[in-house]
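Note sheet for the following structure.
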Amino acid sequence: MKIGMIGLGAMGMPIAKCFLNAGYELHAFDVAGKAREEIEKAGAAVYHEAGDIGEKADVIVSSLPNAAIVDSVISEVMGKKELRADTWIDLSSIAPASAVAFAKRLEEKSVSYMDCPVSGGVQGAAQGTLTVMAGGPDGTFEKVRDILEVIGKKIYHVGGVGAGSGIKMVNNFMLGCNMAAAAEALVLGSKLGLDLDTMYEIIGNSSGRSFIVENKIPNFIKKRKFSGGFAIDLQYKDLGLAMETARALSMPVHMGSTAVQMFETARAKGYGRDDITALVKMEEELMDVEVK
Ligand code: NAD
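Using the numbering used here, the first residue of the sequence shown is number 10, and each one after it goes up by one.
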């Protein structure tokens with residue numbers, strides 16, 4: 010089976026290399042020339058237009074920044090007369106409603122679309138140990154299972170189109186709110202004179218524990234390393250997807266709204282590319298205290 014990879018960024022590049030290492034014939038495209046050069050050196054055939062990928066591959070895999078870009082790439086591929094691909098696996102984090110709209114459009118060209126957002130970060134992508142949350146028809150899932158197993162350790166077929174994006178969005182909504190709450194709580198504790206080791210030990214063994222406490226405190230906050238993990242900009246985008254989805258359902262989301270404003274403030278302060286733990290740095294600056 011020939012794979013066509015569109016989007017060779019922080020996630021897409023290591024994922025593309027996993028496909029090459031697994032022995033797949035890979036046809037690749039990214040708007041960035043540097044990324045095209047890198048994947049060509051690794052053994053892929055590269056092209057200068059997304060549309061070319063649809064003519065060469067059986068299955069297209071996309072890993073793109075947002076739904077607007079996925080939309081334009083789909084238009085380019087659909088605009089080509091010759092279309093070999095009949096399956097599209099979209100790894101991008103997008104709103105469920107966008108996934109449903111993309112599936113409908115691609116159906117016109119007899120292409121079966123699955124939203125398959127991932128969790129596990131750049132490290133998981135490089136090691137092929139991502140968690141994959143797939144939404145789409147049973148038959149398509151069975152057809153692409155081998156491909157998903159190259160990049161993921163845990164593969165969940167959550168339901169129909171949109172279900173993968175839905176669970177990913179819910180997870181990242183919680184992650185964003187947990188991070189925002191932890192940043193305020195840790196700075197509050199520091200103002201009271203509590204040290205970080207004490208907070209880590211006791212909260213880690215109490216009901217306030219979370220991924221933020223268990224992973225982010227030892228690996229980022231304790232080390233005063235606020236970069237290289239999950240970027241504030243991406244978390245902000247993912248919270249935005251939840252806000253957009255809630256708005257469409259006329260559902261108030263108080264926690265989400267507050268978290269969005271905290272991440273917006275961090276972006277305004279120039280922390281957009283830093284890890285989400287940079288919220289701690291922001292709160293420290295506000296309260297003139299260091300969490301240590
Ligand atoms: P990235 O910005 O590093 O990569 C995106 C790539 O898409 C870039 O190489 C860019 O040049 C390319 N691109 C942009 N427009 C294009 C177009 N029109 N045609 C072809 N290529 C185009 O982003 P990333 O971190 O790799 O994330 C990709 C997706 O995965 C996002 O939806 C993100 O939310 C999601 N995600 C990221 C992480 C993470 O830790 N980075 C984790 C899970 C999910």
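Glycine included, each C-beta is placed from N, C-alpha and C at the ideal position.
Check: Can you give me the start and stop residues for the alpha helix (DSSP H) that D206 sits inside?; Outcome: 205-213
Check: Kindly confirm or deny that the region 263-279 and the region 204-216 touch, where touching means at least three C-beta pairs closer than 8 Å.; Outcome: no
Check: Let me confirm a value: E49 is counted as buried when at least 16 other C-beta atoms fall within 10 Å, else exposed. Which label applies?; Outcome: exposed
Check: With K26 as the anchor, note down where its alpha helix (DSSP H) starts and where it stops.; Outcome: 21-30
Check: G198 and C125 look like a contact to me (Cβ under 8 Å); what is the Cβ gap, rounded to whole Å?; Outcome: Their Cβ separation, rounded to whole angstroms, is 39 Å, which puts G198 and C125 out of contact at 8 Å.
Check: For K328, tell me which candidate among V300, G265, V269, G169 has the shortest Cα-Cα distance.; Outcome: Absent from the structure is residue 328, since the part of the chain shown begins at 10 and ends at 301.
Check: From the DSSP output, which residues share a beta bridge with L35?; Outcome: I12
Check: Taking only the alpha-carbon atoms, compute the straight-line gap between M260 and M252 and give it to the nearest angstrom.; Outcome: 9 Å
Check: Is D67 near F38, with beta carbons less than 8 Å apart?; Outcome: no
Check: Have a look at the DSSP bridge pairing and note the partners of L56.; Outcome: Per the sequence presented here, residue 56 reads as Tyr, with Leu not at that position. Answer is none; Y56 lacks a bridge partner.
Check: Provide the residue(s) that pair with H166 in DSSP beta bridges, ordered along the chain.; Outcome: A143
Check: What first and last residue would you give for the alpha helix (DSSP H) that runs through S101?; Outcome: No alpha helix (DSSP H) contains S101, which DSSP labels as neither H nor E.
Check: Does the distance from the CB of E64 to the CB of L35 come in under 8 Å?; Outcome: no
Check: Hey, V82 and I12 are a contact pair by Cβ (cut 8 Å); roughly how many whole angstroms apart?; Outcome: That belief does not hold up - the Cβ atoms of V82 and I12 are roughly 15 Å apart, past 8 Å.
Check: Taking 7 Å as the cut-off, is the CB of K200 close to at least one heavy atom of the ligand NAD?; Outcome: no
Check: Quick one: which unbroken beta strand (DSSP E) runs of 3-plus residues sit fully inside the region 59-139? Chain order, please.; Outcome: 68-71, 96-99, 121-124
Check: Do you know offhand how far F235's Cα is from P227's?; Outcome: 12 Å
Check: Find the nearest neighbour of A190 within the set A108, D284, T267, N180, judged by alpha-carbon distance.; Outcome: T267
Check: Below 8 Å, how does it come out for the region 165-182 and the region 99-108: are there three or more Cβ pairs, yes or no?; Outcome: yes
Check: The ligand ADP and F38: does the residue's C-beta get closer than 7 Å to at least one heavy atom of that ligand?; Outcome: The model on display carries the ligand NAD but not the ligand ADP.
Check: Taking the alpha-carbon positions, what's the F220 to Q136 distance?; Outcome: 21 Å
Check: Determine, using beta carbons only, whether A37 comes closer than 8 Å to chain C.; Outcome: No chain C appears in the structure shown, which is made up of a single protein chain.
Check: CB of L100 to nearest heavy atom of the ligand NAD: below 7 Å?; Outcome: yes
Check: Could you check if E292 is buried or exposed, using at least 16 other CB atoms within 10 Å of its CB as the buried criterion?; Outcome: buried
Check: Taking only the alpha-carbon atoms, compute the straight-line gap between G161 and R256 and give it to the nearest angstrom.; Outcome: 32 Å
Check: Rounded to the nearest angstrom, what separates G237 and K118 at their Cα positions?; Outcome: 40 Å
Check: To the nearest angstrom, how far is the alpha carbon of V55 from that of H263?; Outcome: 46 Å
Check: Mapping the DSSP letters down to three states, classify A251 as helix, strand or coil.; Outcome: helix
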